[in-house]
Amino acid sequence: MRALIITDMQNDFLPPKGALPVPHSEEIVQPILDLIHQEEQQDFHRIVLVRDWHTRNHTSFARSHDLPEYSQFEYKSPRPGDKSTQVGTLWPVHCVQNTWGSQLVTPLLKETYHTHLKIVDKGFLSDREYYSGFSDIWNFHKTELHEYLQKHHITEVLVVGLALDYCVKATAISAAQLGYDTTIVKSLSRAIHDDDEHMKQFEKDLADNNVKLVENVPPHKSESTTTTTTTV
Ligand SMILES: [Zn+2]
Numbered sequence: 001m002r003a004l005i006i007t008d009m010q011n012d013f014l015p016p017k018g019a020l021p022v023p024h025s026e027e028i029v030q031p032i033l034d035l036i037h038q039e040e041q042q043d044f045h046r047i048v049l050v051r052d053w054h055t056r057n058h059t060s061f062a063r064s065h066d067l068p069e070y071s072q073f074e075y076k077s078p079r080p081g082d083k084s085t086q087v088g089t090l091w092p093v094h095c096v097q098n099t100w101g102s103q104l105v106t107p108l109l110k111e112t113y114h115t116h117l118k119i120v121d122k123g124f125l126s127d128r129e130y131y132s133g134f135s136d137i138w139n140f141h142k143t144e145l146h147e148y149l150q151k152h153h154i155t156e157v158l159v160v161g162l163a164l165d166y167c168v169k170a171t172a173i174s175a176a177q178l179g180y181d182t183t184i185v186k187s188l189s190r191a192i193h194d195d196d197e198h199m200k201q202f203e204k205d206l207a208d209n210n211v212k213l214v215e216n217v218p219p220h221k222s223e224s225t226t227t228t229t230t231t232v
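Next up, the structure:
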């Protein structure tokens, strides 16, 4: 069974008014909407909209540390006694729960009545950064995404949305590590940094983690064409 995972298509990630706009992200809104409308042809058993869903004082905000936006910061593990650290970027305040910025972009918001569509939130624990739709960066706190996909017998996921080099990448790598057949559709995503050097590293990271990267939505391998073996 195949699922579509749409990551972080929220007002704050879109120019011109978003707090953390991903360049050219407005270009993918209509194509993603079109893909949702092709649900049957594409045989999406489930569609998930992942939302970045932060508290006002979230640790990934530069303001929470009185440091400049986009500076690097060494996060300490939120687990008591754990001495591990991770370096990450501090962002402008974005996607604060129940504000305009965290709202899904209007055309997608209108789709949320759909019974096969689920919203999954990440980023709501203040003391830790999240990129993946499945867990925080420490892989301690798990969102409900894996459980939801398992409940619906999903084995294959397509990941689209924002931003290609952060949350789409992290969500896809988590999915592959959890055993899903995972593909990122590049034409339905946009990156924060898309220079050659970044993209080369990005492609290597995906290949190292068994994530496929394709330009356009691949045709669905129909369940009926898979070989059935008769057991005697
Ligand atoms: Zn965030």
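Just so you know, we're using full-length UniProt numbering here: the sequence shown kicks off at 1 and counts up by one.
Here a beta-carbon is modelled for each residue, glycine too, at the ideal position from N, C-alpha and C.
Being a predicted model, the structure only gives us computed values, none of them experimental.
The beta-bridge partner set that DSSP reports for H54 consists of V96.
Taking 7 angstroms as the cut-off, one finds at least one heavy atom of ligand 1 near enough to the beta carbon of G123. For W100, the shortest C-beta to heavy atom distance toward ligand 1 is 7 angstroms or greater. The residue from D195, H152, A172 with its alpha-carbon nearest to that of T183 is A172.
For the 8 angstroms CB-CB criterion, L178 and D8 do not form a contact.
Annotation: D43 to R2 spans about 7 angstroms, alpha carbon to alpha carbon. Only residues of its own chain outside the window of five on either side were considered, and among them P21, S25, E26, V105 have a CB closer than 7 angstroms to the CB of L14, listed in chain order.
Taken in chain order, the complete alpha helix (DSSP H) segments of 4 or more residues contained in the region 158–199 are 169–177. Per the Cβ contact rule, the region 136–145 is not in contact with the region 193–202 (fewer than 3 Cβ pairs under 8 angstroms).
Using a Cβ-Cβ distance cut-off of 8 angstroms, the region 105–117 and the region 55–66 are not in contact, since fewer than three pairs of beta carbons, one from each stretch, lie closer than that value. H45 and S77 have their C-alpha atoms spaced approximately 36 angstroms apart. According to the DSSP assignment, E74 belongs to the beta strand (DSSP E) that extends over 72–76. Counting along the chain, I137 sits inside no alpha helix (DSSP H), nor does DSSP assign it H or E at all. DSSP, read as helix, strand or coil, puts V120 in strand. DSSP places Q150 in the uninterrupted alpha helix (DSSP H) bounded by 145–151. Just so you know, the alpha carbons of E74 and H152 end up roughly 38 angstroms apart. DSSP, reduced to helix, strand and coil, places Q38 outside both helices and strands of the structure shown, so it counts as coil. In this model, H198 and R51 are separated by some 25 angstroms (Cα to Cα). Rounded to the nearest angstrom, the Cβ distance from I28 to L188 is 5 angstroms, consistent with a contact under 8 angstroms. Nearest to L33 by C-alpha distance, out of K186, V160, F140, is V160. Secondary structure note for T85: its beta strand (DSSP E) is the uninterrupted segment 85–89. Less than 8 angstroms separates the beta-carbon of H116 from that of I47.
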